[in-house]
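2 protein chains.
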Amino acid sequence: METSGGATALAPDHATLYMETPVPSSSRRITLKDLAARLDISTATVSNAFNRPDQLSPALRDRILREAKAIGYSGPDAKARSLRTGRSRIIAVILAESLTYSLNDAVASELLSGIAEVLDAHGHTLLLVSGRQHSNRIPDSASMADGFIVYGLMPNLTMLANLPPQRPLVAVDFEFEDCPTVHVDNEKASYAIACHALTVLPQRPAVIGLRLTEQACNGRITAEYRLLAAEYTITRHRLIGFRRAFVERGIDPAQVPIWNVEENTFTTCVPVIKEILDLPKDQRPDLLLCMSDRIALTVLTLAEQRGLRIPEDMRITGFDGIAEGQYRAPHLTTVRQDSVAKGRFAASMILGKEPMAPHWLKTELIIGETCP
Amino acid sequence: METSGGATALAPDHATLYMETPVPSSSRRITLKDLAARLDISTATVSNAFNRPDQLSPALRDRILREAKAIGYSGPDAKARSLRTGRSRIIAVILAESLTYSLNDAVASELLSGIAEVLDAHGHTLLLVSGRQHSNRIPDSASMADGFIVYGLMPNLTMLANLPPQRPLVAVDFEFEDCPTVHVDNEKASYAIACHALTVLPQRPAVIGLRLTEQACNGRITAEYRLLAAEYTITRHRLIGFRRAFVERGIDPAQVPIWNVEENTFTTCVPVIKEILDLPKDQRPDLLLCMSDRIALTVLTLAEQRGLRIPEDMRITGFDGIAEGQYRAPHLTTVRQDSVAKGRFAASMILGKEPMAPHWLKTELIIGETCP
DNA sequence: CTGAAAGCGCTTACAG
DNA sequence: CTGAAAGCGCTTACAG
Chain A
764 METSGGATAL APDHATLYME TPVPSSSRRI TLKDLAARLD ISTATVSNAF NRPDQLSPAL
824 RDRILREAKA IGYSGPDAKA RSLRTGRSRI IAVILAESLT YSLNDAVASE LLSGIAEVLD
884 AHGHTLLLVS GRQHSNRIPD SASMADGFIV YGLMPNLTML ANLPPQRPLV AVDFEFEDCP
944 TVHVDNEKAS YAIACHALTV LPQRPAVIGL RLTEQACNGR ITAEYRLLAA EYTITRHRLI
1004 GFRRAFVERG IDPAQVPIWN VEENTFTTCV PVIKEILDLP KDQRPDLLLC MSDRIALTVL
1064 TLAEQRGLRI PEDMRITGFD GIAEGQYRAP HLTTVRQDSV AKGRFAASMI LGKEPMAPHW
1124 LKTELIIGET CP
Chain B
764 METSGGATAL APDHATLYME TPVPSSSRRI TLKDLAARLD ISTATVSNAF NRPDQLSPAL
824 RDRILREAKA IGYSGPDAKA RSLRTGRSRI IAVILAESLT YSLNDAVASE LLSGIAEVLD
884 AHGHTLLLVS GRQHSNRIPD SASMADGFIV YGLMPNLTML ANLPPQRPLV AVDFEFEDCP
944 TVHVDNEKAS YAIACHALTV LPQRPAVIGL RLTEQACNGR ITAEYRLLAA EYTITRHRLI
1004 GFRRAFVERG IDPAQVPIWN VEENTFTTCV PVIKEILDLP KDQRPDLLLC MSDRIALTVL
1064 TLAEQRGLRI PEDMRITGFD GIAEGQYRAP HLTTVRQDSV AKGRFAASMI LGKEPMAPHW
1124 LKTELIIGET CP
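One line per chain: the protein sequences are A and B, in this order. Under the numbering used here, the first residue of the first sequence is numbered 764, with each subsequent residue one higher. Under the numbering used here, the first residue of the second sequence is numbered 764, with each subsequent residue one higher.
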């Protein structure tokens, strides 16, 4: 008598039972073929029972489903099905940042929510991939995806070039070759918020940027730093918008100091902001245009701790319009970009519900008390 | 001459080229078999070139890889491989809450970070599934996963019963049959923080709980509500811990009012907290034990807006120890549970790096200025 | 309404 | 070090 692999110590006792009834032993997975054999019908019919109810009589279908339940067959194997049909019903989201950062960042989380919502509504599922740790290719398992949504400019574009061919690819917030992009007009939005902020003419305006420089710079951007070209970072577009507004108001952009933070997190922002807030009063900016809400909110927190009055002592603007900015008083003056909508749209494109074409979402100026 | 589907307008010009060299036309996907045929070697050897470098000479392998690149073959198809090997290298995380909630909740995000980090380090990938929308079974695509991490008690446990058999399952923060759980001792942690809070004896202690009742209740829990049994919610354990501390300090728990919120979000908490803060001064609690940091932080924000002094007018404690609670002054007094570590451990178990056995993580009392 | 047969693209003993 | 062959579990024209 052969023993089947994985049998427990009890197996021998049940051997005769197994010999009489051809139920596959618990060690082997039950397949559609087993089910067909037990019912003495073709595998095609069993397959139809699960996938095309209209292709067989209700009575037969019922018998099949009942028997499936009885022998513990939980439906066609997804791996086999995906090979056969060529589709996995999985969409991969490739994040330019680390997963840890992305999952804890409000903007990325909102984007993912929007994507997940649409995928879910269409029976698809979301696979999370970081573009950071893996150098040249996504992990093997991710290449099962039917399509790819790429969020943010990857440090290494060869990963995108190595994606399995002929599968849809949508870029979010950056341009990549001729693949369609979902994004907002960062320059226009920044120009708008700067124009609003400059209706009250500041004595000492300043900017806190996000990853603006070629070499890492967590602090004031001095002459020795070179700014990234606009195709490498959306924040460069925001800077262009700010500068255009400065010029229009008769302020020489070259005279406006720019600080930079390397990562959009509380921890990374704190030292830079402290440096600014601890400046002597006559050098401390009275207007701070921040390139994200996370930065602006951190300014707000630290400024309050120092007893600064907002907006009397310092006017502050953000960018993004995350929920947290509206949770507290004073409310943040900011530009809202609807990241959930961005995600929804990208997902709709990948699923073919929207044409694969560049798409711009509108932004909205939100005037709060930090810069009325 | 046959035209191949998907050919561009230029194709006819290249027809003779295609006829001379048997490169698969661009319309058909290139397979390992094609590559083997072109090199006149077996598919086994090509497969080995990608999967088992030690099984063939470096020279041959090099030739294979070079030719692969030349014809645009980007490696073995993941779908076929997963069928053949039986493994997908995908781990599904099933979230009891909606994806939108989970992605925007700090505790869930930290858990996911921890999971992603470990999966990534072992070449696995994370599939996100919500346990909410789908009634009885996970979406088909999710059943490709090699293992399942389930976070939080599902509204419908039959989904877990319908998971493909014989694949590892780890529960986080709840108990499910005999599958291993990663969790913290909520009762003990709550007892500890309540003991700390009660070292200063309050006049009017109160509790803000999270989903404590059988029927939805967003407000004060009155006699008509029944509390959920402890097996249905971890917050019930937290309440038990609080009550034990009350009793020890000579406070009758039945005299301590309990408010409840239905969801751990700013928006849902606000009306409940306003109700409490707007109580006449002599009825307003002077100690508020909150069952999450999100609740406690919202109390803090709204209390400050009303000009209440924290902790003089009201002492506040939280639960979870999310980063946001330490970003602002006053710092939150809370219990830190290391959700990242929880995620790491659950992922390690699923991958077989840790024994599949119940695991308790320690918690840590953090004493901030909201309840010194 | 049902079934026989081919084949999706790979990996893996196994033999040489 | 290399190759011939089986087969993972399904779905899909196609024929009846």
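We treat Cβ as the ideally placed atom computed from N, Cα and C, and that holds for glycine. Just so you know, these numbers come straight off a predicted model, no measurement behind them.
| query | result |
| --- | --- |
| Inter-residue Cα distance where the pair is Y914 (chain A) and G1081 (chain A) | 21 Å |
| Sequence-distant residues of the same chain with beta carbon closer than 6 Å to N949 (chain B), five excluded per side | I997, H1000 and R1001 |
| Cβ contact (3+ pairs, closer than 8 Å) linking the stretch 1036 to 1054 of chain B and the stretch 985 to 993 of chain B | no |
| Proximal residues of chain A, C-beta to C-beta of Y1137 (chain B) below 9 Å | In the structure displayed, chain B extends from 764 to 1135; residue 1137 (chain B) sits before or after that span and is not available. |
| DSSP bridge partner residues for V809 (chain B) (one or two, in chain order) | DSSP output for V809 (chain B) lists no bridge partner at all. |
| Neighbour flag for K1116 (chain A) against chain B, beta carbons, 9 Å | no |
| Min CB distance P902 (chain B) to chain A below 9 Å | yes |
| Alpha-carbon spacing of V892 (chain A) relative to N867 (chain B), whole angstroms | 18 Å |
| Neighbouring residues, chain B, relative to S851 (chain A) (Cβ below 8 Å) | K842, S904 and M907 |
| Proximity of E1085 (chain A) and I1079 (chain A) at Cβ, strictly below 9 Å | Rather than Glu, the amino acid found at residue 1085 (chain A) in this sequence is Ile. Against a cut-off of 9 Å, the Cβ pair of I1079 (chain A) and I1085 (chain A) comes out as no contact. |
| Partner residues on chain B for E880 (chain A), Cβ-Cβ distance less than 8 Å | L862 and T863 |
| Contacting residues, own chain, Cβ-Cβ under 6 Å from E1127 (chain B) (five flanking each side not counted) | R1099 |
| S893 (chain B): contacting residues in chain A (beta-carbon distance under 7 Å) | D883 |
| Test: R1091 (chain A) CB closer than 9 Å to a CB of chain B | yes |
| For H946 (chain B), the residue or residues it bridges with in DSSP | B:W1123 |
| Closer than 9 Å to chain A by CB, N867 (chain B) | yes |
| Buried or exposed (CB count within 10 angstroms, at least 16 for buried), S805 (chain B) | exposed |
| Neighbour flag for G1088 (chain A) against chain B, beta carbons, 9 Å | no |
| Any chain B beta carbon closer than 9 Å to P1034 (chain A) | no |
| Alpha-carbon to alpha-carbon, E977 (chain A) and L920 (chain A) | 17 Å |
| Nearest neighbour of G982 (chain A), chosen from A:F911, A:L823, A:N1023 and A:V881 [CA to CA] | A:N1023 |
| is_contact[H959 (chain B), chain A] using C-beta, thresh 9 Å | no |
| Own chain partners of L795 (chain A) with C-beta closer than 7 Å, once the 5 adjacent residues on each side are dropped | T806, V809, S810 and P839 |
| Candidates B:I1113, B:G1131 and B:H1122, of which the one nearest D909 (chain B) by Cα | B:I1113 |
| Whole-angstrom distance between R1069 (chain A) and G1134 (chain B), CA atom to CA atom | For clarity, residue 1134 (chain B) is Cys in the given sequence; the question names Gly instead. Rounded to whole angstroms, C1134 (chain B) to R1069 (chain A) spans 22 Å at the Cα level. |
| Cutoff 9 Å: P927 (chain B) Cβ touching any chain A Cβ | yes |
| Contacts of S872 (chain A) in chain B (Cβ-Cβ under 8 Å) | L866, N867 and S872 |
| Close beta carbons around S906 (chain B), own chain, < 7 Å, minus the five adjacent residues each side | P927 |
| Meets three-Cβ-pair contact criterion under 8 Å: the stretch 1104 to 1124 of chain A and the stretch 937 to 952 of chain A | yes |
| CB contact below 9 Å: S788 (chain A) versus chain B | Residue confidence is low: S788 (chain A) scores 44 on pLDDT, short of 50, so the model does not pin down where it sits. Its coordinate-derived value is still stated next. Answer no: the Cβ-Cβ gap between S788 (chain A) and chain B never drops below 9 Å. |
| Length of the line joining the Cα atoms of G1131 (chain B) and Q1046 (chain B) | 25 Å |
| Check whether F937 (chain A) and A859 (chain A) have beta carbons under 9 Å apart | yes |
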